[in-house]
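A.B. asks: Under our numbering, residue 90 is the last one in the sequence shown; the count climbs by one each step, no gaps. Idealized CB from N, CA, C, for every residue including glycine.
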Amino acid sequence: AEDVKAHLEKFAEEGKIEKWWIPDIPDGYFFVDAIPHNYIGKIEKNVLRQMYAEKDK
Numbered sequence: 034a035e036d037v038k039a040h041l042e043k044f045a046e047e048g049k050i051e052k053w054w055i056p057d058i059p060d061g062y063f064f065v066d067a068i069p070h071n072y073i074g075k076i077e078k079n080v081l082r083q084m085y086a087e088k089d090k
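1. So the candidates are PHE63, TYR62, TYR85 and LEU41; which of them puts its Cα closest to the Cα of TRP53?
2. How would you write the range of the alpha helix (DSSP H) that LYS78 sits in, first residue to last?
3. Relative to the C-alpha of ALA86, which candidate in PHE64, GLY74, TYR72 and HIS70 has its C-alpha closest?
4. So what does HIS40 bridge to, in DSSP terms?
5. Assuming LYS38 and ILE55 are in contact, meaning their beta carbons sit under 8 angstroms apart, how far apart are those beta carbons, in whole angstroms?
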């Protein structure tokens with residue numbers, strides 16, 4: 034997770050992204066193989082929350 038944050042900060046320093054785009058997440062980052070979408074194409078946040086809750090089990 035620290036590598037990802039360092040990489041994003043480097044992008045911000047180079048002006049490729051804005052500094053405020055980098056989230057300050059106390060628990061770190063959570064990577065998934067695929068982002069779940071519903072039939073309309075919206076991200077299913079509730080499924081992501083369930084996946085996050087079950088990651089340490």
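C.D. replies: By the coordinates alone:
1. Checking every option, the nearest Cα to that of TRP53 belongs to LEU41.
2. 78-87
3. PHE64
4. HIS40 is not bridged to any residue.
5. 7 angstroms
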